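Report on the following structure.
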Amino acid sequence: MNDSSVYSSFPIFVTGGTGLIGKALQKIVDPSPGITTLSLDGNANIQYDLTKDDGTLQNKILNYSRLIHAAGMKTNPKITNQNKGTFFTKLALMNTNFFRACYDTCRINKHIVYTSSIGAYEESPEDLIETNAYKGLPM
Numbered sequence: 006m007n008d009s010s011v012y013s014s015f016p017i018f019v020t021g022g023t024g025l026i027g028k029a030l031q032k033i034v035d036p037s038p039g040i041t042t043l044s045l046d047g048n049a050n051i052q053y054d055l056t057k058d059d060g061t062l063q064n065k066i067l068n069y070s071r072l073i074h075a076a077g078m079k080t081n082p083k084i085t086n087q088n089k090g091t092f093f094t095k096l097a098l099m100n101t102n103f104f105r106a107c108y109d110t111c112r113i114n115k116h117i118v119y120t121s122s123i124g125a126y127e128e129s130p131e132d133l134i135e136t137n138a139y140k141g142l143p144m
C-alpha cells in the first residue's frame, strides 16, 4: 500500500533532497503542502552546506515538524578510500550540525528520520556516477 496522503498534513523538510534517497522521497510524498529540500547543489529549494556551522540552519528547519536527514556525499569507493579522513570528517560535521539544529529547535514537536545510502554500492569502477544508479535495480 502506498498511501502518500498520510504525509500531506505536515510540511516535510528533507536534507539531501537531490540525492539517491531524497529524489525517491519526493516521488512518494504528496507535494501538498509540500516538501522542502535542502542540498549542496543548486537543484534543491534551499542550497546549503551542512558542514558549515553558521547558526542559520535552525531558522531553516524551525517551522517543520517532520524532518528527514538523507544528506550524504557523492563519491565512489576508490575516492572514499583515498580520502577517508576528509570524507568521514565532513560526513560527521553534516550529521552533527543537522542534529544540533534539531536539538536547538526542539520546542516544536519534531519527528526526525535519519537515513543514509553511504555504503550502498558494492566495489565499482572509479567512474561510478550517481545518476547511473537510477538506471537499474537497487543493490
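In this text, residue positions in the sequence shown follow the working numbering: the first is 6, and each later residue adds one.
Glycine included, every Cβ here is placed at the ideal spot set by N, Cα and C.
Predicted model, so just to flag it, every value in this text is computed and none were measured.
Does the distance from the CB of Leu45 to the CB of Asp58 come in under 8 Å? no
Whose CA, out of Val19, Lys115, Cys111 and Ala75, lies closest to the CA of Leu96? Ala75
Is the CB-CB distance between Asn50 and Thr41 below 8 Å? yes
Rounded C-alpha distance that separates Ile158 from Phe103: Beyond the ends of the chain as shown, which are 6 and 144, falls residue 158; an answer cannot be given.
Please state whether DSSP places Thr42 in a helix, a strand or coil. strand
Taking 7 Å as the limit between beta carbons, can you name the residues of its chain near Tyr119, skipping five residues before and five after? His74
Go through its chain and collect everything with a Cβ distance to Arg71's Cβ below 6 Å, but skip five positions before and after it. Phe15, Ile17 and His116
Between which two residues does the beta strand (DSSP E) carrying Tyr119 extend? His116 to Tyr119
Scan the segment 51-97 and note each continuous alpha helix (DSSP H) run of 4 residues or more that stays entirely inside, going in chain order. 62-66 and 82-87
First and last residue of the uninterrupted beta strand (DSSP E) at Pro34: Residue identity check: residue 34 is Val in the sequence provided, not Pro. Counting along the chain, Val34 falls outside any beta strand (DSSP E), and DSSP gives it neither H nor E.
CB-CB length for Ala106 against Gln52, believed under 8 Å: Not really, about 16 Å apart at Cβ, beyond 8 Å.
Just verifying my parser: in three-state terms, what is the DSSP assignment at Phe103? helix
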